[in-house]
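Numbered by this note's numbering, the letters in the sequence shown go through residues 44 to 360 in order.
A short write-up of the structure that comes next.
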Amino acid sequence: MNKFRVSLPLDESGFLGRECPSEKCRGYFKIKPGTGLPGNSKIHCPYCGFTAEINDFTTEDQIRYAKSLAIREISKEIVKELKKLEFDSRPTGPLGIGISLKVKPARPLPIFRYREKSLETSITCSNCGLEYAVFGVFAFCPDCGQHNSLQILSQNHDIILRMLDIAANAENEVSQWLIGNALEDCVSSFDGFGRHVCYVYRNSSSNPKKAPEVSFQNLEKAKEKIIELFGIDLSNGVNNDEWQMAKRAFQKRHLLAHRMGVIDEEYVRKSGDISARVGRKVIISEEEIRQLIEVLGKLTTYFVNELAATLSKPKEN
Ligand SMILES: [Zn+2]
Ligand SMILES: [Zn+2]
44 MNKFRVSLPL
54 DESGFLGREC
64 PSEKCRGYFK
74 IKPGTGLPGN
84 SKIHCPYCGF
94 TAEINDFTTE
104 DQIRYAKSLA
114 IREISKEIVK
124 ELKKLEFDSR
134 PTGPLGIGIS
144 LKVKPARPLP
154 IFRYREKSLE
164 TSITCSNCGL
174 EYAVFGVFAF
184 CPDCGQHNSL
194 QILSQNHDII
204 LRMLDIAANA
214 ENEVSQWLIG
224 NALEDCVSSF
234 DGFGRHVCYV
244 YRNSSSNPKK
254 APEVSFQNLE
264 KAKEKIIELF
274 GIDLSNGVNN
284 DEWQMAKRAF
294 QKRHLLAHRM
304 GVIDEEYVRK
314 SGDISARVGR
324 KVIISEEEIR
334 QLIEVLGKLT
344 TYFVNELAAT
354 LSKPKEN
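Spelled out as structure tokens, the structure:
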């Protein structure tokens with residue numbers, strides 16, 4: 044049997060489409076050949092973690108493309124073989140009958156064409172350098188398998204810090220508005236991060252159904268839930284002052300989101316903020332958000348490292 048090698052076309056940015064062979068997943072993603080771990084033949088699905096040879100991730104479109112190329116080559120071969128059988132016997136005998144066989148090649152068979160899909164997040168793995176693209180945001184690196192949750196969170200933090208730079212140079216009202224937004228973004232990106240990490244590690248928790256439902260908008264409640272589910276105390280990732288500072292910032296975010304930033308009794312009771320007066324607007328400084336970002340960075344790194352160290356490998360589906 045003749046082997047026929049097909050090189051698959053890359054998209055305009057040099058990426059190759061891939062599709063998870065796992066029946067339950069079938070997730071589509073892209074990788075850039077030549078980046079990442081050299082000579083790596085096995086890859087991981089960024090969505091479910093399924094691991095197989097890189098060729099097992101060939102998409103249906105790519106298979107149709109390869110088949111159409113192969114059929115075209117095979118039909119050329121057939122024509123070549125048939126050509127060898129051509130003959131032409133001149134008319135002889137009293138009736139002047141001649142027989143000939145001529146092989147006329149038909150028009151070349153069409154090649155199946157396709158376009159790779161466009162995806163939502165492109166990322167370069169901070170661990171192995173692989174460039175890849177996925178739907179959604181969070182993913183496992185297809186080459187080294189590292190989850191990108193911390194990397195995505197730190198990208199969000201970089202954007203928030205840039206927003207604070209703008210706030211520092213803006214007039215007071217705009218500045219306050221931007222600082223408030225920066226705080227809301229810190230909390231929502233932390234919530235998105237926390238929920239996803241709990242989802243990824245759910246099968247290692249005491250309750251895989253409940254794990255992805257943990258809210259991270261209230262630090263103290265999140266801490267209790269994470270102890271219950273994973274036996275990890277988030278507050279151990281930072282010192283007590285940092286923990287109290289982060290908790291207070293989250294409570295201020297609660298006031299912004301639900302009380303138009305006006306201090307209520309619950310805040311006075313829970314925050315330990317001695318300058319707080321009920322009915323006054325809560326004060327949030329640019330410096331406070333910068334500190335919060337630093338504390339959240341420590342806390343999330345601690346959480347992910349603890350999960351990786353103390354629990355079995357993440358299982359998906
Ligand atoms: Zn998958
Ligand atoms: Zn990687």
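We put the CB at the ideal spot given by N, CA and C, even for glycine.
- Lys266 is positioned such that its CB atom lies closer than 8 Å to that of Ser278.
- Here Ile86 is near Phe100, since their CB atoms are less than 8 Å apart.
- Under the three-state reduction of DSSP output, Gly141 falls in the strand class.
- Beta-carbon to beta-carbon, Leu204 and Ile336 are separated by about 7 Å, close enough to satisfy the 8 Å threshold.
- Residue pairing of Gly60 in beta bridges, as defined by DSSP: Lys73.
- In the three-state scheme derived from DSSP, where H, G and I count as helix and E and B as strand, Thr344 is classed as helix.
- If you check the CB distance, Val177 and Phe58 do not come in under 8 Å.
- For ligand 2, no non-hydrogen atom lies closer than 7 Å to the CB of Gln194.
- Lys85 carries a strand assignment under DSSP once its states are collapsed to helix, strand and coil.
- In the same chain as Ile317, and ignoring 5 residues on each side of it, no C-beta atom comes closer than 8 Å to its own.
- With contacts defined as CB atoms closer than 8 Å, Leu299 and Tyr310 fail to qualify as a contacting pair.
- In the DSSP assignment, Glu96 falls within the unbroken beta strand (DSSP E) covering Thr94 to Glu96.
- Between the beta-carbon of His200 and that of Gly340 there is about 7 Å, and that keeps the pair under the 8 Å contact cut.
- Around the Cβ of Asp186, a 10 Å sphere holds 16 or more other Cβ atoms; the residue is buried.
- Of the heavy atoms belonging to ligand 1, at least one sits nearer than 7 Å to the Cβ of Ser65.
- Take the alpha-carbon of Ser192 and the one of Tyr242: they are about 12 Å apart.
- When rounded, the separation of the alpha-carbon atoms in Leu128 and Ser143 is 10 Å.
- When secondary structure is reduced to three states using DSSP, Val257 falls in the coil class, being assigned neither helix nor strand.
- The Cβ atoms of Leu207 and Glu331 do not sit closer than 8 Å to each other.
- Here Lys295 is not bridged, per DSSP, to any residue.
- Look at Phe233 here: in three-state DSSP terms it is helix.
- Rounded to whole angstroms, the gap between the alpha carbons of Ala292 and Asn212 is 22 Å.
- The straight-line gap separating the alpha-carbon atoms of Glu263 and Cys168 is approximately 32 Å.
- One alpha carbon belongs to Arg245, the other to Lys252, and they sit about 7 Å apart.
- In summary, Ile269 is buried, with 16 or more beta-carbon neighbours lying within 10 Å of its beta-carbon over all protein chains present.
- Here Gly304 is near Val325, since their CB atoms are less than 8 Å apart.
- Ala352 and Val338 have their alpha carbons spaced roughly 21 Å apart.
- The beta-carbon distance between Ile222 and Ala210, rounded to whole angstroms, is 5 Å. This is short enough to meet the 8 Å contact definition.
- In this structure, the straight-line span from the alpha carbon of Arg150 to that of Glu96 is close to 37 Å.
- By the criterion of a C-beta distance shorter than 7 Å, Pro255 is surrounded in its chain by Arg238, Cys241, Tyr242 and Arg245, once the five residues flanking it on both sides are discounted.
- Thr135 has Ile140 as its beta-bridge partners, per DSSP.
- Phe93 has its Cβ nearer than 7 Å to a heavy atom of ligand 1.
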